[in-house]
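Heads up, the sequence shown is in the working numbering, so the first residue is 1 and it goes up one at a time. We put the beta carbon where it would ideally sit given N, CA and C, even for glycine. As the structure is a prediction and not an experimental result, all values here were calculated from the model.
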Amino acid sequence: MLKLWGRINSINVQKVLWALAELGVGYERTDAGLQFGVVNEPFYRKMNPNGRVPTIEDDGLVLWESNAIVRYLAAKHGAGTLCPGDPKQRADADRWMDWATSTVAPAITPVFWGLIRTPAEKRDPKAIEEGTEKLGQAFQVLEQSLEGRDYVAGKSFTMGDIPLGTFVYRWHALDVRRPKLPRVEDYYRRLQQRPAYRKHVMLPLS
């Protein structure tokens, strides 16, 4: 059975849990990271020298980096569905996975850490404000790109929606200013209709 190391409140672990649930793949999960430790133990560093989560072991393959794990799972268990069979749609899904990492993640990180994991007296209001502004700008791009689409790569849900969908939830769960973006709001509502999203992503922020 596939083994997964990572804590459920990690956004990167949530991507993997969401993908596994969408695909109906069984797994064994071990808490790791932050208060759970494990990531600095020799056996873990041998698997993942970054000392971060998630890491999976599947049929002798050890893999880290959450987007790579989602792509692997989609290709192995969801070829033609979660992993689009059409090369153009697959490239489209890939693009949004990379965009979520390169553009949304750097903007949301100081906001999330500042508001959720930093005591009020130690927060950096300027960093939080700048991140909030960048987030709004990023989701304006998504708003424009969702014209005529239900999901990021077209009419069907794909692996491209998983990394981005985790950030969409956090953006709505954080107490920040958000511009009015009707298509993004509709997209968020569609994601909320997925049981795996509600179970693994829509958790209290911590």
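Select from the options the residue whose C-alpha is nearest the C-alpha of residue i.
i    : options                   : result
K76  : L61, E65 and K88          : L61
V176 : R189, L135 and G165       : L135
I162 : P106, C83, A107 and D31   : C83
L203 : I8, M1 and G78            : I8
R90  : S102, Q137, K155 and P106 : K155
A19  : T81, K46 and L205         : T81
Y27  : F36, L4, K15 and R45      : L4
D58  : L2, A105 and P87          : L2
G24  : G6, P106 and G78          : G78
I56  : G6, A21 and Y197          : G6
V13  : F43, A68, R45 and K46     : A68
R71  : M97, I108, P182 and T103  : M97
E133 : S10, T118, D150 and T109  : T109
R117 : R194, L174 and Y187       : L174
L34  : S10, L205 and P125        : S10
T103 : Q137, D86, P125 and P87   : Q137
Is residue i helix, strand or coil when you go by DSSP?
i    : result
R7   : coil
R29  : strand
E57  : strand
V201 : coil
L34  : helix
G114 : helix
A79  : strand
L63  : strand
G148 : coil
L181 : coil
For residue i and residue j, which I take to be in contact (beta-carbon distance under 8 Å), what is that distance rounded to the nearest angstrom?
i    : j    : result
N48  : W64  : 4 Å
V53  : A74  : In fact, because the Cβ distance is near 20 Å, the residues do not count as touching under 8 Å.
K265 : S66  : An answer regarding residue 265 cannot be provided, because it is not within the stretch 1 to 206 covered by the chain.
L146 : V184 : 7 Å
H172 : L17  : Contact flag wrong, Cβ pair sits at about 19 Å.
L191 : G165 : 5 Å
G131 : A105 : Their Cβ separation, rounded to whole angstroms, is 11 Å, which puts G131 and A105 out of contact at 8 Å.
L181 : E143 : 4 Å
A153 : A93  : 4 Å
G114 : A100 : Going by Cβ atoms, the distance from G114 to A100 rounds to 20 Å, so no, they are not a contact pair.
Along the chain, where does the alpha helix (DSSP H) containing residue i start, and where does it finish?
i    : result
T132 : P125 to S145
P49  : Unbroken run through P49: none, as it is neither H nor E.
Y122 : What sits at residue 122 in the sequence shown is Lys, not Tyr. No alpha helix (DSSP H) holds K122; DSSP gives it neither H nor E.
Q207 : With the chain covering only 1 through 206, there is no way to say anything about residue 207.
G165 : D161 to A173
Q193 : No alpha helix (DSSP H) holds Q193; DSSP gives it neither H nor E.
Within 8 Å of any Cβ in chain B, is that where the Cβ of residue i sits?
i   : result
V39 : The structure shown has no chain B; it contains just one protein chain.
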